[in-house]
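Data block below; observations after.
Residue numbers (the working numbering): -14 to 630.
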């Protein structure tokens, strides 16, 4: 026992000596470039070497280690800050000495002069390449960038808790060519069909997805790259993997089945408010993948010039609006992410401003930058956030998500209160019936679109009035702003079709006589119309009016200009007044018949009288011979009829 313990201590001591004898690799030599090489030259060298030593293509001994070195070198030299620190201190973190050089530092930028990863694996009996992992220049948790830490060393030396027992015990452990299976990463969520539909598809969040089958070679190289690329964008996107062996139908449906290698996709909203999968086809490098992910974050915020943009409080919008004011030249990543999360709920804008002293910023009432200003759907302005402090991407997105969610709730509350008031007003409000006196105000040339609900029964009238009261509260029919000031773009009215057949004949030769109720959209200035004769419901009429305003329906020319007929009572009153004016006396009416019987005094021209009344006339010989013309004026539908007695 003592001999075995002493041997173990000796081996551990030897390993530590190897560590202390490690020397920092010259990263420029790793890539084969001069110290004054440009970024373009560094990139070209990296691409060339990464293709040459990629483990899937190069099976020679040491290719994996070389591939890790190349990635580490490129990760540092392609980053200006890391490169500067490396040139000054020999360490990308800016710490002189050995802090960046030991494997246990998790940086992974050291090359062992003795006992490389291959030797450690063979000594420990792990075998193959599965236990070899690398972080490409970033922290990798408990294990070093070469796939082992002190826990691994002691576990191999003394047996540890390995289920396979000590492969090193008695120096008799054999090396296996088959790699042991790697467990799924805790940071990468397993995606199935149900998860995809509930958490990914059109949910507004960007996802980085890895599709694979367990039998594919090289999967172990993809997972750490995906993890590292996503770690710096935590909060901005989520990460998942899809096993296309167990989720074959989902992979087939999405078109993401892996071929020779695993495949990487981003579920992106870059192209619009509908999510879509975009495949990453560049080199398997964390930095390149991160740039790809960042480029495919949502771009749903409209960039504006604050000095030339006017947020009018008089307009009614479909969604509440939010505006980010910052000193950034481009739309910040945080704002892009939030624009995806709130798509279909808020309308996003952003603007670059230099300070709070500008007149446009002062007008908004902002006292500190960055700031978020919001407008409720009713036009009310709200300062949502000002002097925003950002600690990290994840916490900033979380905090601003809460603020915007609160703003949206405030908008819903305001809208609900307004809807309640509108409902109360609607019970008192009535849709006007078209008459001669109100026709010009409702359906005159100043009205872009006049909506007329024609009815032939009281039941049909009640139905149309109810529908119009409901639809008229919708935003599609509210007041519109024009360069000449606000005006109503659409007005509603009712029409008694039983009394206005001549009016309706201006639209249809038959006057729509077969219909109990129908709706006409009339453009007075253009003399055009279209009719809806389908099912009379709130939804269908609203859809019809929406299509009218959007220009999705065809309009026809009217047969003639529609003119409202006077009612019999009004006509009788006007006629009696006119008869008195022209000297007719003895005017009396026949109750219930809406007739006027009158006697034209001797000396009056009956023809002139009837012409004045815009009606036909007749007089028999008896009346003419006596010099008296007796007429009955009947108020028929559509005009006057003068009949000789």
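We put the beta carbon where it would ideally sit given N, CA and C, even for glycine.
Item, Value
"Answer yes or no: do residue 221 and residue 378 have a C-beta to C-beta separation smaller than 8 Å?", "yes"
"Looking at the strands, I want to know which residues DSSP matches up with residue 477.", "436"
"Please state if the CB of residue 63 and the CB of residue 272 are separated by a distance shorter than 8 Å.", "yes"
"Can you tell me where the alpha helix (DSSP H) holding residue 333 begins and where it ends?", "Here residue 333 belongs to no alpha helix (DSSP H); instead the beta strand (DSSP E) covers 332 to 337."
"Use the C-beta contact count for residue 281: other C-beta atoms within 10 angstroms, 16 or more gives buried, fewer gives exposed.", "buried"
"Thinking C-beta only, is residue 178 closer than 8 Å to residue 234?", "yes"
"My understanding is that residue 196 touches residue 250, with C-beta atoms under 8 Å, so please give their C-beta distance in whole angstroms.", "7 Å"
"Does the distance from the CB of residue 287 to the CB of residue 334 come in under 8 Å?", "yes"
"Where residue 289 and residue 295 are concerned, what is the direct C-alpha to C-alpha distance, given to the nearest angstrom?", "10 Å"
"In the DSSP assignment, the alpha helix (DSSP H) including residue 227 goes from what residue to what residue?", "Unbroken run through residue 227 is the beta strand (DSSP E), 222 to 228; no alpha helix (DSSP H)."
"In three-state DSSP terms, what is residue 67?", "helix"
"On the premise that residue 227 lies in contact with residue 241, defined as a C-beta separation below 8 Å, what is that separation, rounded to the nearest angstrom?", "7 Å"
"Can you tell me whether DSSP reads residue 254 as helix, strand or coil?", "coil"
"Taking contact to mean 3 or more Cβ pairs, one atom from each stretch, closer than 8 Å, check whether the stretch 414 to 430 and the stretch 356 to 375 are in contact.", "no"
"Give me the Cα-Cα distance between residue 307 and residue 263, rounded to the nearest whole angstrom.", "29 Å"
"Tell me residue 517's beta-bridge partners as DSSP assigns them.", "504"
"Figure out for me which residue from 521, 256, 206 has the closest Cα to the Cα of residue 500.", "521"
"Give me whichever residues DSSP pairs with residue 309 in a beta bridge.", "335, 357"
"Would you tell me roughly how many angstroms separate the C-alpha atoms of residue 436 and residue 506, rounded to the nearest one?", "5 Å"
"How many Å lie between residue 34 and residue 173 at the Cα?", "29 Å"
"For a test of the three-state rule: what should DSSP assign to residue 456, helix, strand or coil?", "helix"
"Looking at residue 523 and residue 456, is the spacing between their C-beta atoms short of 8 Å?", "yes"
"So for residue 237, helix, strand or coil by DSSP?", "helix"
"Could you tell me which of 354, 231, 214 sits nearest to residue 632, measuring between CA atoms?", "Outside the displayed span of the chain (-14 to 630) sits residue 632, for which this structure offers no information."
"Identify the residues that DSSP records as bridge partners of residue 418: which are they?", "479"
"Which residues does DSSP list as the beta-bridge partners of residue 194?", "225, 250"
"What are the start and end residues of the alpha helix (DSSP H) that includes residue 264?", "Careful: residue 264 lies outside any alpha helix (DSSP H), inside the beta strand (DSSP E) at 261 to 265."
"With a 10 Å radius around its C-beta and 16 neighbouring C-beta atoms as the bar for buried, classify residue 656 as buried or exposed.", "With the chain represented from -14 up to 630, any question about residue 656 goes unanswered, as that position is not in the structure."
"Please determine if the stretch 50 to 59 and the stretch 25 to 42 are in contact, where contact requires at least 3 C-beta pairs separated by less than 8 Å.", "yes"
"Check for me: the beta strand (DSSP E) holding residue 371 runs from which residue to which?", "366 to 371"
"Which first and last residues belong to the alpha helix (DSSP H) in which residue 51 is found?", "48 to 62"
"I need the boundaries of the beta strand (DSSP E) containing residue 287, first residue and last residue.", "286 to 288"
"If you run the structure through DSSP and keep just helix, strand and coil, what is residue 510?", "coil"
"Mind checking whether residue 314 and residue 337 have CB atoms under 8 Å apart?", "yes"
"Once you ignore the five residues that flank residue 200 on each side, which residues in its own chain have a CB closer than 8 Å to its CB?", "230"
"Kindly list the residues whose CB is nearer than 6 Å to the CB of residue 529, restricted to its own chain and excluding five residues on each side of it in sequence; keep chain order.", "517"
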